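Note that my numbering gives residue 385 to position 92 of the sequence shown, counting from 1, and the numbers run on in steps of one. The beta carbon of each residue, even a glycine, is placed where N, CA and C say it ideally should be. Here the structure is a predicted model, which means the values were calculated and not measured.
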Amino acid sequence: MNPAVHLDGITKRFPGVVANDDVDLAVERGSVHALLGENGAGKTTLMNVLYGLYRPTEGTVRLDGEAQSFDSPRDAIDAGVGMIHQHFMLVDPMTVWENVVLGNEPTTWGGLRVDREAAREAVVELSERYGFDVDPDATVADISVGEQQRVEILKALYRGADVLIMDEPTAVLTPQEVEELYGVFDELTEQGKTIIFISHKLGEALSAADDITVLRDGVNVGTVASADVTREELAEMMVGREVLMEPATTPQEPGDRVLEVTGLSVDDDRGVEAVSDLSFELRAGEVLGVAGVDGNGQSQLVDAVTGLREATDGEIRYRGESMVGKSRRDRIDRGMAFIPEDRQERGLVMSYDLTENGILGSQHDAPFARGGRLDWGAARDHAESVIEQYDVRPPDADAEAESLSGGNQQKFIVGREFERDPELVVATHPTRGVDIGSTEFLHDRLLELRSQGKAVLLVSSKLDEVQGLSDRLAVMHEGEFTGIVDPATVTEEEIGLLMAGESPDDDSIEGAALHDAATGGPGDDPDEATAGEEGVDA
Numbered sequence: 294m295n296p297a298v299h300l301d302g303i304t305k306r307f308p309g310v311v312a313n314d315d316v317d318l319a320v321e322r323g324s325v326h327a328l329l330g331e332n333g334a335g336k337t338t339l340m341n342v343l344y345g346l347y348r349p350t351e352g353t354v355r356l357d358g359e360a361q362s363f364d365s366p367r368d369a370i371d372a373g374v375g376m377i378h379q380h381f382m383l384v385d386p387m388t389v390w391e392n393v394v395l396g397n398e399p400t401t402w403g404g405l406r407v408d409r410e411a412a413r414e415a416v417v418e419l420s421e422r423y424g425f426d427v428d429p430d431a432t433v434a435d436i437s438v439g440e441q442q443r444v445e446i447l448k449a450l451y452r453g454a455d456v457l458i459m460d461e462p463t464a465v466l467t468p469q470e471v472e473e474l475y476g477v478f479d480e481l482t483e484q485g486k487t488i489i490f491i492s493h494k495l496g497e498a499l500s501a502a503d504d505i506t507v508l509r510d511g512v513n514v515g516t517v518a519s520a521d522v523t524r525e526e527l528a529e530m531m532v533g534r535e536v537l538m539e540p541a542t543t544p545q546e547p548g549d550r551v552l553e554v555t556g557l558s559v560d561d562d563r564g565v566e567a568v569s570d571l572s573f574e575l576r577a578g579e580v581l582g583v584a585g586v587d588g589n590g591q592s593q594l595v596d597a598v599t600g601l602r603e604a605t606d607g608e609i610r611y612r613g614e615s616m617v618g619k620s621r622r623d624r625i626d627r628g629m630a631f632i633p634e635d636r637q638e639r640g641l642v643m644s645y646d647l648t649e650n651g652i653l654g655s656q657h658d659a660p661f662a663r664g665g666r667l668d669w670g671a672a673r674d675h676a677e678s679v680i681e682q683y684d685v686r687p688p689d690a691d692a693e694a695e696s697l698s699g700g701n702q703q704k705f706i707v708g709r710e711f712e713r714d715p716e717l718v719v720a721t722h723p724t725r726g727v728d729i730g731s732t733e734f735l736h737d738r739l740l741e742l743r744s745q746g747k748a749v750l751l752v753s754s755k756l757d758e759v760q761g762l763s764d765r766l767a768v769m770h771e772g773e774f775t776g777i778v779d780p781a782t783v784t785e786e787e788i789g790l791l792m793a794g795e796s797p798d799d800d801s802i803e804g805a806a807l808h809d810a811a812t813g814g815p816g817d818d819p820d821e822a823t824a825g826e827e828g829v830d831a
């Protein structure tokens, strides 16, 4: 029996770059196949060949044994291949059903009118067939990210897709939505659909895929059954060397207070309170992690600390100085670096090249400004240094930010912020979209900053990341800290309860361990602690 997809000897060359080099890939019908590899390994390029965005330089695309020649995505769609991109392509003001049928609407009156009733019924039937819990009449702007992803899948199914390509499908999902997506995979494959998803996450590939193909530097280094391989083996296949899977932290005594937050309340964009009477402190030489399901006030907390949003109440003091009325630029000048949650909206100007992006926030300061004029030579040297140190690909200071993959955009932002020589780093999802080799490197750099006496406020949806890197771990739910715990002793079950707003029935959490963690650790003067029990309901 022929595989559903067979990419036979695919080579794709761009000027000066071989993105795919004689790649073979076979995917069985009704299976979930993960395409794993580091940023720049050629994963997306290979899938763009399958989807008709690129024509291969050499090689053949076969579907169910038949050779195909795609000149455009329309040809691929007509042949039964659909692609769900990492950044969704939906029209926010339109309803779910309108988005699904857009461009392929059923019509009446000889094609003069859209048959709205038939279109809506078709979407409802598809949703019911595949067990998708999506309201067809909901406006896309009003539904969750996970639901928007299901709308994208429905769009592909409506157009007759038998093979679904998904590019980094969990990049913007909460843990709960990830589990729901795996359930969608099961439903689709049970009905004969074939799924190929691009990823660099080992756990995701092992949990969701039947088979895993690893690309490295554009070459297929092997295809394995997920049941027959370990995380460590996959990591070595991806990177070409043994990878340290857990960050190597060593205990150290924290220093002076760098950040003090007292009674902080912050509203969201709708004027609804998102952070409520929150108090904590962060000291030099420590990492305070913030965990929680996305949407529980983490974004608004970070915005207030970094000067992007005014607090409605409370105080933020940085190195003893009140930050009331201080702008983002003021905070940069005082040594506060920031890795934003949304790299494209807040971290980069997408149309600027890396030389220009490398000096954002520092363009008025030496060595980039001299006598009121920008020193572009110094700016370029700086960009090239960041590119080299943080392995940004392609290594081109003239490349526009929008031409880079998401992971490489992230590495450039992290490099720019770390190289400011900050006293405080506010790092929000610092390794989101970054491959395992680069994640290891960025974790090492965060711990290096900690060892140099820098303070780090680390917000991440990756529980293993915040637990592995943090000296203290705050768990956030509905704008409050439900606990500040010792990450070395707290269990995942206890963290899960705190994330849900419940208090673990555990003396080690409710008693001394929580108090020590909240006040900065044993040995602190309790009368001096500003975090204390405020904002902690354990």
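Could you please give the first and the last residue of the uninterrupted beta strand (DSSP E) stretch that includes residue i?
i           : result
residue 326 : 325-330
residue 301 : 298-307
residue 361 : 359-361
residue 610 : 606-611
residue 528 : That residue, residue 528, is in no beta strand (DSSP E); its alpha helix (DSSP H) goes 524-532.
residue 340 : Looking at the DSSP string, residue 340 is not in any beta strand (DSSP E); the run it does join, the alpha helix (DSSP H), is 336-343.
residue 552 : 550-560
residue 505 : 504-509
Looking only at its chain, what residues have a beta carbon closer than 6 angstroms to the beta carbon of residue i, apart from the 5 residues adjacent to it on each side?
i           : result
residue 608 : 555
residue 296 : 319, 320 and 321
residue 381 : 441 and 445
residue 401 : 408
residue 430 : 388
By alpha-carbon positions, which one of the options ends up nearest to residue i?
i           : options               : result
residue 469 : 373, 796 and 789      : 789
residue 347 : 367, 780 and 331      : 367
residue 324 : 306, 565, 302 and 298 : 298
residue 335 : 645, 769, 491 and 543 : 491
residue 780 : 774, 772, 773 and 767 : 767
residue 513 : 520, 500, 499 and 533 : 533
residue 705 : 753, 653 and 623      : 653
residue 720 : 610, 676 and 591      : 591
residue 577 : 383, 568, 744 and 477 : 744
residue 508 : 635, 327 and 678      : 327
residue 686 : 731, 463 and 462      : 731
residue 699 : 638, 360, 746 and 665 : 638
residue 301 : 749, 715, 564 and 358 : 358
residue 747 : 715, 453 and 733      : 715
residue 332 : 793, 697, 754 and 764 : 697
Tell me which same chain residues have a C-beta within less than 7 angstroms of the C-beta of residue i, skipping the five on either side of it?
i           : result
residue 495 : 524, 527, 528 and 729
residue 412 : 390, 394, 398 and 399
residue 667 : 656 and 661
residue 620 : 600
residue 738 : 711
residue 424 : 480
On the premise that residue j lies in contact with residue i, defined as a C-beta separation below 8 angstroms, what is that separation, rounded to the nearest angstrom?
i           : j           : result
residue 376 : residue 458 : 4 angstroms
residue 724 : residue 758 : 7 angstroms
residue 542 : residue 356 : Incorrect: roughly 49 angstroms between the Cβ atoms, too far for contact.
residue 611 : residue 717 : 7 angstroms
residue 694 : residue 641 : 4 angstroms
residue 703 : residue 727 : 5 angstroms
Which same chain residues end up closer than 8 angstroms to residue i when comparing Cβ atoms and leaving out the 5 residues on each side of it in sequence?
i           : result
residue 304 : 311, 313, 314, 315, 316, 349, 350, 351 and 352
residue 460 : 337, 340, 376, 377, 378, 379, 490 and 491
residue 566 : 558, 559, 560, 605 and 772
residue 570 : 556, 557, 558, 606, 607, 773, 827 and 828
residue 309 : none
residue 306 : 312 and 350
residue 433 : 383, 384, 385, 386, 387, 388, 389, 392, 441 and 444
residue 549 : 576 and 577
residue 515 : 506, 507 and 530
residue 821 : Per-residue confidence for residue 821 stands at a pLDDT of 38, beneath the threshold of 50, marking its modelled position as unreliable; no derived number is given.
Do you know offhand how far residue i's Cα is from residue j's?
i           : j           : result
residue 713 : residue 601 : 19 angstroms
residue 243 : residue 344 : In the structure as shown, the chain starts at 294 and stops at 831, and residue 243 therefore has no counterpart that could be examined.
residue 683 : residue 646 : 17 angstroms
residue 552 : residue 587 : 23 angstroms
residue 406 : residue 396 : 13 angstroms
residue 579 : residue 436 : 38 angstroms
residue 455 : residue 417 : 19 angstroms
residue 421 : residue 539 : 42 angstroms
residue 536 : residue 530 : 10 angstroms
residue 510 : residue 589 : 39 angstroms
Just to confirm the assignment, what range does the alpha helix (DSSP H) spanning residue i have?
i           : result
residue 732 : 729-744
residue 520 : Counting along the chain, residue 520 falls outside any alpha helix (DSSP H), and DSSP gives it neither H nor E.
residue 722 : Element bounds for residue 722: n/a, residue is neither H nor E.
residue 701 : 699-711
residue 446 : 438-451
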